[in-house]
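*Asks:* Sharing a structure below in structure tokens format, with a few things to ask.
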Amino acid sequence: GVPAIATDVGGTRELVRSGVDGILVAEGDEAALARYSAVLLSDEARRQAFGRRAHARAKAFSTRRMIAEMLTLYDDVAGRERRM
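Just so we're on the same page, this note's numbering is the position in the sequence shown counted from 1, plus 114.
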């Protein structure tokens with residue numbers, strides 16, 4: 115339930131949607147990290163909204179869901195019918 119300020123590298127943007135449930139900054143942009151930290155520290159409403167959305171988003175990234183999506187991908191690649 116905590117809003118994230120994260121570096122936009124690797125798969126980070128799959129979990130953090132900048133401006134929705136956190137903020138993504140460019141790799142190495144310390145000024146942006148400091149600026150957005152100050153913004154969130156001074157804006158309780160935004161911080162709480164980002165936190166609520168971040169919590170819901172994190173719950174959606176369950177192991178069960180990731181496994182189901184990988185199995186579907188493998189079935190698609192192999193030309194098999196989807197599993198239920």
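Just so it is clear, CB atoms sit at the ideal spot from N, CA and C, and this is done for glycine as well.
1) So which of Gly136, Thr121, Gly125, Thr126 has the shortest CA-CA distance to Gly115?
2) Does the pairing of the region 161-175 with the region 125-134 give three or more beta-carbon distances under 8 Å?
3) My output table needs one value for Ser176: the three-state DSSP class, helix, strand or coil.
4) For Ile181, does the count of other Cβ atoms within 10 angstroms reach 16, so buried, or fall short, so exposed?
5) Could you check how far apart the C-beta atoms of Ala140 and Ala148 are, in whole angstroms? I think they sit under 8 Å.
*Replies:* This is what the structure holds:
1) Gly136
2) yes
3) coil
4) exposed
5) Rounded, the Cβ-Cβ distance is 13 Å, inconsistent with contact.
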